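Student: Taken in sequence, the protein lines are chains R and D. The working numbering applies: residue 526 is where the first sequence begins, and numbers increase by one. The working numbering applies: residue 8 is where the second sequence begins, and numbers increase by one. Don't be surprised by glycine CBs; every beta carbon is placed ideally from N, CA and C. This one's a predicted model, so the numbers in the text were calculated from it and none came from an experiment.
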Amino acid sequence: MSTWVGTGIGYRRTYRAALGQPSSASRPAVLEVMPDHFFANPSAIDELADIPLVFHDVGLSIGTAPGRADLVTQARLEQVRALVRRAKPLLVSDHLAITRSPSGVDVGHLCPVLPNRATLALVLDRVRAWHDLLELPIALENIAHPFELKADLSEAELFSELVARTGCGMLLDLTNLVLDAKNFGFDPVARLEQYPLEAVWQVHLAGGVRVDGFWVDSHGAPVGRTELDLLARLRRRARGLRAIIVERDHNLPSLSELLAEAGEAERIWFASPEKETICQPI
Amino acid sequence: MNERESSAAQSRVARLDDRKHECRGDRCVRRIPAVGEYVRCRPGGESLTGGYGRIRRHTTRRSRDRRISAAITPRKIFDVPSKAPKNEKKAADAYADPKEPLSHQPLPIADACSFLPIIDVGMQRDLVADHRQDLPRYGAPLEDESEIVGFRVPVLRDERVILNRPIVRIAEQEHTVERRDFSARTQQVRRGLGTREDMDRVQTASRFYPCLLYGRIVRPGISNWAASVSTRTVSSMEPEVGSRPMLTTFQEALIALATDPGWRARFRAEREAFLEVLPLDATERRALADIPTEAMNRFARSLVAKKWQEVARTTPLTLRLVPQLALMYRTWAESHRALATYGSLSPGAAEALRALPALRHQLSAPRYPEYAADLLAYEVLAACSRLDRVERLLASRWNLAEIAADICKGLLPIDPTDGATLFRFDGSGVRRRVRP
């Protein structure tokens with residue numbers, strides 16, 4: 526049975542009115558929702574009841590070692606769980622990263638985890654616990670790294686172990702992969718092959734910008750060509766893919782323009798293999 | 008709001024960004040509470056309810072030190088059985104109050120113990136700096152503020168302060184309530200086998216170390232997860248990792264490097280020596296040592312820039328009025344690390360609320376418009392209340408709604424209407440009442 530749901534966009538408040546209209550033309554096939562947008566007013570998510578939803582959080586800090594920060598995670602999980610029960614999304618995802626220290630210092634952004642056995646053990650336990658708690662498939666996303674942390678495992682090995690031992694999925698952010706490749710000088714195609722592609726459930730596409738010679742995932746520009754090429758390469762491998770989401774946080778275009786970007790991604794995903802483009806070296 | 012309600016509301020407002028203390032009744036006490044007096048704490052701009060505590064003076068025989076604390080804790084009613092249950096599990100269940108908000112649940116012992124030394128490294132200095140101005144109001148007759156050694160970190164949930172208690176050191180030792188200081192009966196209480204009398208007896212200590220007294224989390228659901236994850240991850244899944252608090256020091260150090268300019272300076276100046284003193288294993292030490300200085304600096308800058316981007320969305324009018332607000336925020340944020348909180352606010356609004364006291368203080372300088380500080384508070388509180396639907400109050404001598412409307416139109420009020428006004432923010436908007 527196919528797991529494919531469709532291509533869609535990330536929900537932003539700017540699009541609320543347009544998404545609330547019942548006309549099918551202005552509605553994506555799937556909508557990615559950040560749960561914290563609805564923590565204060567959970568009933569607002571009912572407006573999106575007839576669109577398939579996937580939840581994407583940024584604040585669970587799955588890699589943070591046990592400590593005082595657990596209280597924050599617990600509370601956030603409670604809020605997410607309440608929203609999950611209300612909206613019944615298809616899956617819940619977060620980043621394989623930390624956003625706060627064990628003692629509770631908030632970073633405010635995604636900080637990479639140390640890819641070693643200790644982190645693996647920690648995240649394994651958390652994924653299992655969250656899976657039991659939320660009663661939904663859990664997917665973890667690769668982040669755009671501000672710097673590289675080298676340890677016993679590579680990031681791809683960490684994902685492979687997690688997928689194999691918990692049954693969780695991977696949310697593959699192709700933009701983050703491409704930006705990392707540009708910043709740290711590796712081949713994105715070779716790195717792509719190292720990820721557990723059969724467990725990729727969702728793909729993120731977003732725009733990046735170069736700031737002071739370093740590429741950052743600004744989510745403020747159209748999706749780059751390299752990412753779309755990687756998407757075409759992914760097609761034959763990621764057979765469990767459920768959704769492709771185009772993310773945009775800044776310089777928001779009109780809803781129709783963003784949906785057109787998502788449509789382009791869908792066209793590439795369903796293009797015949799013979800027309801596949803070859804990813805150019807960066 | 009009728010006249011009486013208006014008057015009552017006014018009496019509740021001390022200052023927007025400050026703490027106010029009240030007697031247990033409704034009377035507002037704008038003075039230092041005395042030892043033995045009950046106080047309630049309500050951070051302005053955040054609706055704290057139910058917190059109470061009593062100023063106490065503590066002396067422990069063993070360490071011969073004295074502590075004076077304002078134990079401002081949430082109202083907590085223990086339901087302790089009069090007879091000690093035989094079964095340990097049942098006993099533990101009996102101590103768990105199902106109505107108690109989750110955040111009141113104590114931390115596992117291991118977490119609390121591992122937390123305390125870490126906070127000493129970098130965060131404590133910031134906390135002391137942040138709270139120094141508040142200390143006299145907590146009622147301690149401070150002979151010397153330099154004796155302040157520690158704070159419990161405020162953890163906010165649903166706008167309640169869970170732990171927020173400065174501890175003042177008179178003697179040398181800090182964090183001196185150790186496990187060996189507890190009597191055998193206290194140990195039983197900790198295991199859930201004590202009686203009500205035992206519980207009463209150890210209340211004093213619990214004001215300092217509730218996490219040590221109630222080391223077991225027994226509520227089903229997430230609490231169990233939190234309790235188990237801290238013990239299971241090391242021991243059961245990856246035995247080769249050992250019993251050292253896994254990753255904790257590494258992550259604390261990594262995040263301190265990203266958020267604390269002092270750490271980065273030391274890291275830059277003497278990297279190897281700096282890392283040598285941290286209890287890290289070889290992999291962790293190498294991983295930190297391999298981070299390029301420029302990459303870490305860039306990451307640190309990006310964190311502040313990202314936060315400002317979010318804060319700026321909350322304060323567009325003040326930013327138009329005082330473009331230096333961006334620099335003010337960045338300077339402040341670099342030296343004031345945020346503590347993770349949870350609630351319904353967006354990251355930007357939560358950060359704006361955190362920075363509000365400091366920014367408001369800076370904006371009250373004569374070189375800025377007189378109403379700039381209040382306008383900032385007006386914007387931030389309105390945004391926060393719109394998001395989380397919590398009612399907030401602001402007393403100002405200006406009609407800020409009028410000023411905001413003018414700035415929206417691109418007008419800069421140079422002689423705005425001067426009239427004491429009370430603003431009430433909630434999910435539906437802003438209401439104002441001219442104060443008599």
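Measure the alpha-carbon distance for Gly-355(D) versus Tyr-349(D) and round it to whole angstroms.
Tutor: By 1-based counting over the second sequence, the position of residue 355(D) is 348. By 1-based counting over the second sequence, the position of residue 349(D) is 342. Gly-355(D) and Tyr-349(D): Cα-Cα distance of roughly 13 Å.
Student: Cβ of Phe-432(D) within 8 Å of Cβ of Glu-398(D)?
Tutor: Mapped onto the second sequence, residue 432(D) falls at position 425. Mapped onto the second sequence, residue 398(D) falls at position 391. Closer than 8 Å, so yes.
Student: Please return the same chain residues whose Cβ sits closer than 8 Å to the Cβ of Cys-636(R), not counting the five positions on each side in sequence.
Tutor: In the first sequence, residue 636(R) corresponds to position 111, counting from 1. Taken in chain order, the residues that qualify are Ala-622, Ile-623, Thr-624, Pro-671.
Student: Measure from the C-beta of Met-335(D) to each C-beta in chain R and report whether the shortest distance is under 8 Å.
Tutor: If you number the second sequence from 1, residue 335(D) lands on position 328. No, Met-335(D) lies away from the interface with chain R (no Cβ there is under 8 Å from its Cβ).
Student: Going by alpha carbons, who is nearest to Trp-726(R) out of Ile-769(R), Leu-717(R), Leu-753(R), Phe-739(R)?
Tutor: Indexing the first sequence from 1 puts residue 726(R) at position 201. Closest by alpha carbon: Ile-769(R).
Student: Quick check on the DSSP output: what are the complete alpha helix (DSSP H) runs of length 4 or more inside the stretch 320-388 of chain D, in order along the chain?
Tutor: Counting only runs of 4 or more, we get 323-328, 332-342, 354-370.
Student: Per DSSP, what kind of secondary structure is Ala-257(D) in: helix, strand or coil?
Tutor: Working through the second sequence from its first residue, we reach residue 257(D) at position 250. It should be pointed out that residue 257(D) corresponds to Phe in this sequence rather than to Ala. Three-state DSSP puts Phe-257(D) in a helix.
Student: In chain order, what residues of the same chain have a beta carbon less than 6 Å from the beta carbon of Glu-152(D), not counting five sequence neighbours either side?
Tutor: Taking the first residue of the second sequence as 1, we reach residue 152(D) at position 145. For Glu-152(D), the pLDDT reaches just 32, beneath the cut-off of 50, and the residue's location in the model is therefore unreliable, although a value from the coordinates is still provided. None.
Student: I'd like to check one pair, Leu-254(D) with Ala-639(R): are the Cβ atoms closer than 8 Å?
Tutor: To locate residue 639(R), count along the first sequence from 1; it is residue 114. To locate residue 254(D), count along the second sequence from 1; it is residue 247. The residue asked about is misnamed: residue 639(R) is Leu in this sequence, not Ala. Yes, they are a contact pair.
Student: Pick out whichever of Pro-420(D), Leu-418(D), Leu-360(D), Ala-379(D) has its Cα sitting closest to the Cα of Ser-403(D).
Tutor: The residue labelled residue 403(D) in the question sits at position 396 within the second sequence. Measuring from the Cα of Ser-403(D), the nearest candidate turns out to be Ala-379(D).
Student: How long is the line joining the alpha carbons of Arg-538(R) and Glu-723(R), rounded to whole angstroms?
Tutor: By one-based count along the first sequence, residue 538(R) stands at place 13. By one-based count along the first sequence, residue 723(R) stands at place 198. Cα-Cα distance, rounded: 33 Å.
Student: Which residues bound the beta strand (DSSP E) around Leu-649(R)?
Tutor: The residue given as residue 649(R) occupies position 124 in the first sequence. No beta strand (DSSP E) holds Leu-649(R); the alpha helix (DSSP H) holding it covers 642-659.
Student: Among Gly-417(D), Ala-319(D), Ala-307(D), Ala-260(D), which residue has its Cα nearest to the Cα of Leu-295(D)?
Tutor: Here residue 295(D) corresponds to residue number 288 of the second sequence, with the count starting at 1. Leu-295(D) has its Cα closest to that of Ala-260(D), out of Gly-417(D), Ala-319(D), Ala-307(D), Ala-260(D).
Student: I believe Phe-257(D) touches Leu-287(D) by the beta-carbon criterion, under 8 Å. Please report the beta-carbon distance rounded to the nearest angstrom.
Tutor: Start at 1 with the first residue of the second sequence, and residue 257(D) comes out as number 250. Start at 1 with the first residue of the second sequence, and residue 287(D) comes out as number 280. Correct: roughly 6 Å between the Cβ atoms.
Student: Determine, using beta carbons only, whether Leu-254(D) comes closer than 8 Å to chain R.
Tutor: If you number the second sequence from 1, residue 254(D) lands on position 247. Taking Cβ atoms only, chain R reaches closer than 8 Å to Leu-254(D), which makes this a yes.
Student: On the premise that Ala-607(R) lies in contact with Gly-629(R), defined as a C-beta separation below 8 Å, what is that separation, rounded to the nearest angstrom?
Tutor: Taking the first residue of the first sequence as position 1, residue 629(R) is located at position 104. Taking the first residue of the first sequence as position 1, residue 607(R) is located at position 82. Actually they do not touch by this definition, with Cβ atoms about 23 Å apart.
Student: How long is the line joining the alpha carbons of Ala-542(R) and Val-597(R), rounded to whole angstroms?
Tutor: In the first sequence, the residue the question calls residue 542(R) occupies position 17. In the first sequence, the residue the question calls residue 597(R) occupies position 72. Distance between the alpha carbons of Ala-542(R) and Val-597(R): 32 Å.
Student: Would the beta-carbon of Leu-324(D) fall within 8 Å of that of Cys-391(D)?
Tutor: Position 317 of the second sequence, counted from the start, is the residue given in the question as residue 324(D). Position 384 of the second sequence, counted from the start, is the residue given in the question as residue 391(D). Contact flag unset, no.
Student: Taking Cβ to Cβ, would you say Leu-674(R) is nearer than 8 Å to Glu-752(R)?
Tutor: What you label residue 674(R) is simply residue 149 of the first sequence in a count that begins at 1. What you label residue 752(R) is simply residue 227 of the first sequence in a count that begins at 1. No, they are not a contact pair.
Student: How is the alpha helix (DSSP H) around Thr-751(R) delimited, first residue to last?
Tutor: For the purposes of this step, residue 751(R) is taken as the residue at position 226 of the first sequence. Where Thr-751(R) is concerned, the enclosing alpha helix (DSSP H) stretches over 750-759.
Student: Just mark Phe-563(R) as buried or exposed, buried being the case when its beta carbon has 16 or more other beta carbons within 10 Å.
Tutor: Here residue 563(R) corresponds to residue number 38 of the first sequence, with the count starting at 1. It counts as buried.
Student: Examine chain D for any beta-carbon lying closer than 8 Å to the beta-carbon of Ile-623(R), and answer yes or no.
Tutor: Translated into the one-based positions of the first sequence, residue 623(R) becomes position 98. Taking Cβ atoms only, chain D reaches closer than 8 Å to Ile-623(R), which makes this a yes.
Student: Determine whether the beta carbon atoms of Asp-619(R) and Asp-650(R) lie at a separation below 8 Å.
Tutor: As a first step, residue 619(R) is located in the first sequence; it is residue number 94 there, counting from the start. As a first step, residue 650(R) is located in the first sequence; it is residue number 125 there, counting from the start. Against a cut-off of 8 Å, the Cβ pair of Asp-650(R) and Asp-619(R) comes out as no contact.
Student: Compile a chain-ordered list of the residues in the stretch 700-723 of chain R whose CB is closer than 8 Å to at least one CB of chain D.
Tutor: Result list empty, no residue passes.
Student: Using the Cα positions of Pro-614(R) and Glu-686(R), report the straight-line distance between them to the nearest angstrom.
Tutor: The count along the first sequence starts at 1 and reaches residue 614(R) at position 89. The count along the first sequence starts at 1 and reaches residue 686(R) at position 161. Rounded to whole angstroms, Pro-614(R) to Glu-686(R) spans 25 Å at the Cα level.
Student: Counting contacts by CB-CB distance shorter than 8 Å, is Pro-6(D) in contact with chain R?
Tutor: This structure gives no information on residue 6(D), because the portion of chain D shown stretches from 8 to 443.
Student: Inspect the beta-carbon positions of His-729(R) and Leu-696(R) and report whether they are closer than 8 Å.
Tutor: Numbered from its first residue, the first sequence carries residue 729(R) at position 204. Numbered from its first residue, the first sequence carries residue 696(R) at position 171. Yes, the Cβ-Cβ distance between His-729(R) and Leu-696(R) is below 8 Å.
Student: Does the Cβ of His-634(R) have 16 or more other Cβ atoms within 10 Å, making it buried, or fewer, making it exposed?
Tutor: Translated into positions along the first sequence, residue 634(R) becomes position 109. So His-634(R) counts as buried.
Student: Going by C-alpha distance, which of Leu-578(R), Glu-791(R), Leu-777(R), Ser-586(R) is nearest Glu-666(R)?
Tutor: Here residue 666(R) corresponds to residue number 141 of the first sequence, with the count starting at 1. Checking every option, the nearest Cα to that of Glu-666(R) belongs to Ser-586(R).
Student: Report the residue ranges of all alpha helix (DSSP H) runs contained in full by the stretch 663-733 of chain R; include only those spanning at least 4 residues, in chain order.
Tutor: Correct list: 680-691, 699-709, 713-719.
Student: I need the DSSP call for Ile-534(R), collapsed to helix, strand or coil.
Tutor: Against the first sequence, residue 534(R) aligns to sequence position 9. Ile-534(R): strand per DSSP, three-state reduction.
Student: I believe Leu-352(D) touches Leu-360(D) by the beta-carbon criterion, under 8 Å. Please report the beta-carbon distance rounded to the nearest angstrom.
Tutor: As a first step, residue 352(D) is located in the second sequence; it is residue number 345 there, counting from the start. As a first step, residue 360(D) is located in the second sequence; it is residue number 353 there, counting from the start. The Cβ separation is near 7 Å, so the contact holds.
Student: Assuming contact is defined by CB atoms lying nearer than 8 Å, are Gly-732(R) and Gly-745(R) in contact in what I supplied?
Tutor: Against the first sequence, residue 732(R) aligns to sequence position 207. Against the first sequence, residue 745(R) aligns to sequence position 220. Against a cut-off of 8 Å, the Cβ pair of Gly-745(R) and Gly-732(R) comes out as a contact.
Student: By how many angstroms is the C-alpha of Leu-683(R) removed from the C-alpha of Ala-372(D)?
Tutor: As a working mapping, residue 372(D) is identified with position 365 in the second sequence. As a working mapping, residue 683(R) is identified with position 158 in the first sequence. So the alpha carbons of these two residues sit roughly 52 Å apart.
Student: Do you know how far the Cα of Ala-715(R) is from the Cα of Ala-681(R)?
Tutor: Here residue 681(R) is taken as the residue at index 156 of the first sequence, counted from 1. Here residue 715(R) is taken as the residue at index 190 of the first sequence, counted from 1. Rounded to whole angstroms, Ala-681(R) to Ala-715(R) spans 11 Å at the Cα level.
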